[in-house]
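Peer 1: My questions all concern the structure below.
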């Protein structure tokens, strides 16, 4: 039996942390973390952690779509994405240490 997951809207989540967030200047980051995301992607990762082989299906675009696919392949998850023009979305989460606020 084969389990398939489907993510029609892949994403990369970029988590960054900065000391302060000042408009109109370069704000240097202290920390960063890049994660492949999308509901089907998350299900595929959990299934693999549980020892269940699966195939991730979906639609990918550009270098960000390739990043998600490469990440899944590193985790030994089979993929079969349809490639389209454009760029897979990037969600940015910014944590500001100074006031302990996070923006999305």
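Residue numbers (full-length UniProt numbering): 1 to 104. The C-beta atom is built at its ideal place from N, Cα and C for all residues, glycine as well.
Taking the continuous beta strand (DSSP E) assigned at residue 104, which residues delimit it?
Peer 2: Your numbering for residue 104 matches position 104 in the chain shown. Neither: residue 104 is in no beta strand (DSSP E) and is coded neither H nor E.
Peer 1: Mapping the DSSP letters down to three states, classify residue 88 as helix, strand or coil.
Peer 2: If you number the chain shown from 1, residue 88 lands on position 88. The answer is coil: DSSP assigns residue 88 none of H, G, I, E or B.
Peer 1: Restricting to runs no shorter than 3 residues, where is the beta strand (DSSP E) found entirely within the UniProt domain "Carbohydrate kinase PfkB" (11-103)?
Peer 2: Whole beta strand (DSSP E) segments, 3+ residues: 11-18, 29-37, 54-61, 78-84, 89-96, 101-103.
Peer 1: What do you reckon, are the CB atoms on residue 87 and residue 61 nearer than 8 Å?
Peer 2: Stepping through the chain shown from its first residue, residue 87 is reached at position 87. Stepping through the chain shown from its first residue, residue 61 is reached at position 61. Yes, these two residues count as a Cβ contact at 8 Å.
Peer 1: Pull up the CB-CB distance for residue 76 and residue 48, whole angstroms please, since I reckon it's below 8 Å.
Peer 2: Residue mapping note: residue 76 aligns to position 76 of the chain shown, counting from 1. Residue mapping note: residue 48 aligns to position 48 of the chain shown, counting from 1. Yes, they are in contact, since the Cβ atoms of residue 76 and residue 48 sit about 7 Å apart, within 8 Å.
Peer 1: Across which residues does DSSP place residue 7 in a beta bridge pair?
Peer 2: As a first step, residue 7 must be located in the chain shown, where it is residue number 7. In the DSSP output, where bridge partners are listed per residue, residue 7 has 58.
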